[in-house]
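J.: In this text, residue positions in the sequence shown follow the working numbering: the first is -7, and each later residue adds one.
Structure provided below as structure tokens; questions to follow.
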Amino acid sequence: MVFIPSRMLKILFVLFFALSPVLHAQQSADIVGNWSGSITVNGQELGIEFVFNYNQGEFDGTIDIPQQAAYNLPVEFTYVEADSMVFQFQTGTGAAVFMGRLNESNDEISGLFEQLGTRFPFSIIRQNQVSVSQSDSSGTNLVIPTESGQRSGTLLQGDSQKPIVILITGSGSQDRDENVAGFRVFGELSEALLDSGYSSFRYDDIGVGESTGVEDATLQDLADDLKDIIEYLASNHVETFNDIVLLGHSQGGGVAALAASGNELVDGIIFMAAPFFGGDEIINQQIRAISEAQNVSESVVEQNLEYQARIYEVVRNNGDWAEVEEDLYERLEEQMNMLSEQQRESLGDMDAFIRSQVSRQLAAAKTDWFRSFIELDPAEVVKTLQIPLLAIFGEKDMQVINEPNREAADSLAENSEIDLNTVTIPEANHLFQQANTGMPGEYGMLEKRFAEGFLGAILEWLSGL
């Protein structure tokens, strides 16, 4: 899923973070799982949510900070010994570090949070909710070989006379449940499909669980993996379903379209908040919409769009990054100069710090994935599809903006021979929760269920195949 954290509107649309190896390990069961709690900052509670994992002898995880619109930020463990641990994530001003201790009942981690030399108490409690991928006894765990590696996922078996729905996540490293801010989007959706008799298969992204493959995968690489999954299910589990339907969320819609183009095994596609423009225009739409919601001045918006255009040009033309990097350096330097003297001193060598931030923040734009993201025009692929299609949008979606994308989808349907229906779910955000503003910052504060009409639209369309 792609979104722009508000604090980064003046810099870049997405950040990628590197993970470091764990130095020590204890029983993974003591730490692995979902945790939530808060940091107490000057008497106020800042909510935090963690997912901790243990893979190949190493701990890692992600943190969500809903009040700051920060989601799926990678967490690295730098120390684990007995009941003590240190874990951290990177911010625009350096590492934010948690120094905690696990209590005797293994259900609470508490200690101190440190950033820029200032410490605050924190406490997180283990959540009883276990992901469907681990707990659902009706599901079958599959590890499907692909040309580039393998994909691990969960097969839920419903009525063999109904279609199977293969669910494809958006951008970023996500598990098969597509857990965002504590809402198991695909976990909940697959259960709802099963309740209505539909089989489903949802799978982990590359680098998550047992899934492996091309490290810097393009959208076509992801589509090739999906083709292998489709062929595997059609060859080995044909008794589970009568047709194959793909459901792609956000970027996953483009991946689904690529995999279905010319593929006789695919009988339909559901585009769930999927873009109908190239990635560059989607980013620009996000900048405009979020800036308007946050009352950002028009001059700043234009500066941001101009800066993004320079990035797109360098990416498309394999150009020189020097000028873009220097511009970003100057922007960051200006921000750093606004910090207090104590905060600046805590960062050490300012030049080295800023250059490391420039490198990290532009890393995503230098990937093969990003180039494929801005170069793919989903509409051009969709209009080649000769199968039933459904595009569902959220009225308050601030990531794939409803109005321009639905209009593009409707125009495509009117001016081509494709069988495409469009639906907008009132008041729904990008995850199809009932939303207030639609901003990513409120995802974790909303009910962990789908908005009225979302599941009904999918089930009604499936019943008509």
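Note that beta-carbon positions come from the ideal geometry of N, C-alpha and C, so glycine has one too.
1) Considering glycine 386, what are the terminal residues of the beta strand (DSSP E) in which it resides?
2) I want to know whether the stretch 342 to 355 touches the stretch 415 to 432 - three or more CB-CB distances under 8 Å.
3) How should aspartate 341 be labelled, buried or exposed, when 16 other C-beta atoms within 10 angstroms of its C-beta is the threshold for buried?
4) Residue range of the alpha helix (DSSP H) that methionine 91 falls in?
5) Is tyrosine 46 helix, strand or coil by DSSP?
6) Please name the residue, chosen from Leu38, Ile450, Val24, that lies closest to glycine 260 on a Cα-to-Cα basis.
7) If I measure Cβ to Cβ from valine 373 and keep anything under 8 Å in the same chain, skipping five residues before and after, which residues do I get?
8) Identify which residue in Ser332, Ala209, Glu333 has its Cα closest to the Cα of glycine 164.
9) With a 10 Å radius around its C-beta and 16 neighbouring C-beta atoms as the bar for buried, classify aspartate 213 as buried or exposed.
10) Based on the DSSP output, what are the partners of serine 28 in its beta bridges?
11) Taking the C-alpha atoms as reference points, what is the distance between arginine 111 and isoleucine 40?
12) Reducing DSSP to helix, strand and coil, say where glutamate 231 ends up.
13) What are the boundary residues of the beta strand (DSSP E) that glycine 109 is part of?
14) Out of Gly25, Ile23, Phe42, Val24, which has the shortest C-alpha to C-alpha gap to isoleucine 31?
15) Count the other C-beta atoms from every protein chain shown that fall within 10 angstroms of the C-beta of leucine 292, then say buried if there are 16 or more, exposed otherwise.
16) Quick check for students: name the residue ranges of the beta strand (DSSP E) that lie wholly in the stretch 239 to 319, counting only runs of 3 or more.
17) If I'm right that glycine 29 touches phenylalanine 44 with Cβ under 8 Å, what's the distance once you round it to whole angstroms?
18) If we ignore side chains and look at the alpha-carbon of each, how far apart do alanine 62 and aspartate 56 end up?
19) State the Cα-Cα distance for the pair arginine 135 and asparagine 255, rounded to the nearest angstrom.
20) So which of Ile410, Glu419, Ala443, Gln142 has the shortest CA-CA distance to threonine 204?
21) Taking phenylalanine 178 as part of the alpha helix (DSSP H), name the residues at either end of that continuous run.
22) Could you compute how far the alpha carbon of threonine 359 sits from the alpha carbon of leucine 297?
23) Which partner residues of phenylalanine 69 appear in the DSSP bridge assignment?
24) Does the pairing of the stretch 187 to 201 with the stretch 148 to 168 give three or more beta-carbon distances under 8 Å?
25) So, helix, strand or coil for isoleucine 198, using DSSP?
26) Looking only at its chain, what residues have a beta carbon closer than 6 Å to the beta carbon of threonine 414, apart from the 5 residues adjacent to it on each side?
27) Which residues mark the beginning and the end of the beta strand (DSSP E) in which leucine 354 is found?
28) Relative to the C-alpha of isoleucine 275, which candidate in Ala357, His229, Thr232 has its C-alpha closest?
29) For phenylalanine 362, which three-state DSSP category applies?
30) Please return the same chain residues whose Cβ sits closer than 7 Å to the Cβ of glutamate 452, not counting the five positions on each side in sequence.
31) Between the C-alpha atoms of isoleucine 461 and serine 191, what's the straight-line distance to the nearest angstrom?
32) Is the beta carbon of glutamate 180 sitting closer than 8 Å to the one on phenylalanine 385?
33) With three or more beta-carbon pairs closer than 8 Å as the criterion, would you say the stretch 403 to 411 touches the stretch 309 to 324?
34) What residues in its chain sit with their C-beta under 8 Å from that of isoleucine 379, if we drop five residues either side in the sequence?
35) For aspartate 151 and alanine 215, I'd like the C-alpha separation in whole angstroms.
36) Looking only at its chain, what residues have a beta carbon closer than 6 Å to the beta carbon of serine 364, apart from the 5 residues adjacent to it on each side?
T.: Walking through what the data contain:
1) Counted from its first residue, the sequence shown places residue 386 at position 394. 381 to 386 is the extent of the beta strand (DSSP E) around glycine 386.
2) no
3) For the purposes of this step, residue 341 is identified with residue 349 of the sequence shown, where counting begins at 1. Burial call: exposed.
4) Translated into the one-based positions of the sequence shown, residue 91 becomes position 99. Segment 86 to 94 is the beta strand (DSSP E) holding methionine 91; no alpha helix (DSSP H) there.
5) One-based indexing of the sequence shown puts residue 46 at position 54. Tyrosine 46 falls in the strand class under three-state DSSP.
6) Position 268 of the sequence shown, counting from 1, holds the residue named residue 260. Minimum Cα distance to glycine 260 is reached at Ile450.
7) Translated into positions along the sequence shown, residue 373 becomes position 381. For valine 373, where only same-chain residues beyond five positions count, the Cβ hits under 8 Å are Gly246, Ala249, Leu250, Ser253.
8) Position 172 of the sequence shown, counted from the start, is the residue given in the question as residue 164. When only C-alpha atoms are compared, the closest one is Ala209.
9) Within the sequence shown, numbered from 1, the residue matching residue 213 stands at position 221. When all chains shown are included, aspartate 213 counts as buried.
10) By one-based count along the sequence shown, residue 28 stands at place 36. Answer is Glu41, Ile117, bridged to serine 28.
11) As a position in the sequence shown, residue 111 is number 119, starting the count at 1. As a position in the sequence shown, residue 40 is number 48, starting the count at 1. One C-alpha to the other measures close to 16 Å.
12) Counting from 1 along the sequence shown, the entry for residue 231 is found at position 239. The answer is helix: DSSP assigns glutamate 231 an H, G or I state.
13) Working through the sequence shown from its first residue, we reach residue 109 at position 117. Counting along the chain, glycine 109 falls outside any beta strand (DSSP E), and DSSP gives it neither H nor E.
14) Position 39 of the sequence shown, counted from the first residue, corresponds to residue 31. Measuring from the Cα of isoleucine 31, the nearest candidate turns out to be Phe42.
15) Here residue 292 is taken as the residue at index 300 of the sequence shown, counted from 1. It should be pointed out that residue 292 corresponds to valine in this sequence rather than to leucine. With fewer than 16 Cβ atoms within 10 Å of its Cβ, valine 292 is classed as exposed.
16) 260 to 264
17) Taking the first residue of the sequence shown as position 1, residue 29 is located at position 37. Taking the first residue of the sequence shown as position 1, residue 44 is located at position 52. Actually they do not touch by this definition, with Cβ atoms about 13 Å apart.
18) Residue numbering aside, residue 62 sits at position 70 when the sequence shown is read from its first letter. Residue numbering aside, residue 56 sits at position 64 when the sequence shown is read from its first letter. Approximately 6 Å between the Cα atoms of the pair.
19) Your numbering for residue 135 matches position 143 in the sequence shown. Your numbering for residue 255 matches position 263 in the sequence shown. In the sequence on display, residue 135 carries valine and not arginine. Approximately 22 Å between the Cα atoms of the pair.
20) Translated into positions along the sequence shown, residue 204 becomes position 212. Among Ile410, Glu419, Ala443, Gln142, the Cα nearest to that of threonine 204 is on Gln142.
21) Taking the sequence shown and counting its residues from 1, one reaches residue 178 at position 186. From DSSP, the alpha helix (DSSP H) with phenylalanine 178 extends over 177 to 187.
22) Within the sequence shown, numbered from 1, the residue matching residue 359 stands at position 367. Within the sequence shown, numbered from 1, the residue matching residue 297 stands at position 305. So the alpha carbons of these two residues sit roughly 20 Å apart.
23) Counted from its first residue, the sequence shown places residue 69 at position 77. DSSP lists Phe79 as partners of phenylalanine 69.
24) yes
25) As a first step, residue 198 is located in the sequence shown; it is residue number 206 there, counting from the start. The answer is coil: DSSP assigns isoleucine 198 none of H, G, I, E or B.
26) Taking the sequence shown and counting its residues from 1, one reaches residue 414 at position 422. Excluding positions up to five away in sequence, the list reads Ala383, Arg398, Ala401, Asp402.
27) Stepping through the sequence shown from its first residue, residue 354 is reached at position 362. Not the beta strand (DSSP E): leucine 354 falls in the alpha helix (DSSP H), residues 342 to 355.
28) Position 283 of the sequence shown, counting from 1, holds the residue named residue 275. The shortest C-alpha separation from isoleucine 275 is found at Ala357.
29) Residue numbering aside, residue 362 sits at position 370 when the sequence shown is read from its first letter. In the structure shown, phenylalanine 362 sits in a helix (DSSP, three-state: H, G or I).
30) The residue given as residue 452 occupies position 460 in the sequence shown. Same-chain partners within the cutoff: there are none.
31) Nothing about residue 461 can be read from this structure; the chain reaches only from -7 to 457.
32) Taking the sequence shown and counting its residues from 1, one reaches residue 180 at position 188. Taking the sequence shown and counting its residues from 1, one reaches residue 385 at position 393. No, Cβ-Cβ distance for glutamate 180 and phenylalanine 385 is not below 8 Å.
33) no
34) As a working mapping, residue 379 is identified with position 387 in the sequence shown. Taken in chain order, the residues that qualify are Ala252, Val258, Asp259, Gly260, Ile261, Asp411.
35) What you label residue 151 is simply residue 159 of the sequence shown in a count that begins at 1. What you label residue 215 is simply residue 223 of the sequence shown in a count that begins at 1. The alpha-carbon atoms of aspartate 151 and alanine 215 are separated by roughly 27 Å.
36) Locating residue 364 in the sequence shown gives position 372, where the first residue counts as 1. Closer than 6 Å at Cβ, skipping near neighbours: Thr210, Leu211.
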